[in-house]
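A quick write-up on the structure given underneath.
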Amino acid sequence: EGIIFIMQIVNRGKEIRHLQQIPKFNFGTLQVEKMGRLFVITLEGSIYKCKHCQTHFALADHIISKSFHCSHGRAYLFDKVVNVTVGAKEERMMMTGMHTVVDIFCVGCGSIVGWKYEAAHDKTQKYKEGKFILERFKVAGPDGSLYTVSHDDELGSDDEP
Numbered sequence: 057e058g059i060i061f062i063m064q065i066v067n068r069g070k071e072i073r074h075l076q077q078i079p080k081f082n083f084g085t086l087q088v089e090k091m092g093r094l095f096v097i098t099l100e101g102s103i104y105k106c107k108h109c110q111t112h113f114a115l116a117d118h119i120i121s122k123s124f125h126c127s128h129g130r131a132y133l134f135d136k137v138v139n140v141t142v143g144a145k146e147e148r149m150m151m152t153g154m155h156t157v158v159d160i161f162c163v164g165c166g167s168i169v170g171w172k173y174e175a176a177h178d179k180t181q182k183y184k185e186g187k188f189i190l191e192r193f194k195v196a197g198p199d200g201s202l203y204t205v206s207h208d209d210e211l212g213s214d215d216e217p
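In this text, residue positions in the sequence shown follow the working numbering: the first is 57, and each later residue adds one.
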């Protein structure tokens, strides 16, 4: 519980300008932009990161479920994700019903990497509210592995329409 994460303040297009430690309780979707500076959190441990630019997203310990699916195959439900920006809220019909979601994008390269559940309309799905989906196809695993879509992954779907 006493883990300290390192936050890097990055000036777009330039080298890292400043390092600052932040306490664990600030871990979440921290991404702040002020006057051209982008704050990027560097995680320690087993991490999932952007497959394009290696920006850190989440710790393996924060996976709630690996049984979700999306149009590209498997997707993992996370309790906490960092270094993402969010798109506009939209109503989306999923396999488990209607949800209000926002797409999430990597702050490093702008790639869409999944979505965040803002609201679930079915009371049995309320546990997803405030949680994040990272599409496994779009992230590198803790061991650096990249995920490829298999035929089996395309057959079933827990949540993607």
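Here a beta-carbon is modelled for each residue, glycine too, at the ideal position from N, C-alpha and C.
Model, not experiment: these values are computed from the prediction.
Kindly indicate which three-state DSSP category residue 125 falls into: helix, strand or coil? Here residue 125 refers to the residue found at position 69 of the sequence shown. Residue state, collapsed to three classes: strand.
Pairwise C-alpha distance: residue 193 and residue 128: Residue mapping note: residue 128 aligns to position 72 of the sequence shown, counting from 1. Residue mapping note: residue 193 aligns to position 137 of the sequence shown, counting from 1. In a straight line, the C-alpha of residue 128 is about 6 Å away from that of residue 193.
Apply the 10 Å Cβ neighbour rule to residue 106 and answer buried if 16 or more other Cβ atoms are within range, or exposed otherwise. As a position in the sequence shown, residue 106 is number 50, starting the count at 1. By the 10 Å Cβ count, residue 106 comes out buried.
Test item: CB-CB of residue 146 and residue 137 under 8 Å: Locating residue 146 in the sequence shown gives position 90, counting from the first residue. Locating residue 137 in the sequence shown gives position 81, counting from the first residue. Cβ distance not < 8 Å, so residue 146 and residue 137 don't count as in contact.
Helix, strand or coil for residue 105, going by three-state DSSP, please let me know. Within the sequence shown, the letter at position 49 stands for residue 105. Strand, per DSSP.
Those residues which DSSP pairs with residue 150 across a bridge: As a first step, residue 150 must be located in the sequence shown, where it is residue number 94. Partner(s): 153.
Mapping DSSP to helix, strand and coil, what is residue 159? Here residue 159 refers to the residue found at position 103 when the sequence shown is read from its first residue. In this structure, residue 159 counts as strand in the three-state DSSP scheme.
Classify residue 191: buried if its beta carbon has 16 or more other beta carbons within 10 angstroms, exposed otherwise. Locating residue 191 in the sequence shown gives position 135, counting from the first residue. That one is buried.
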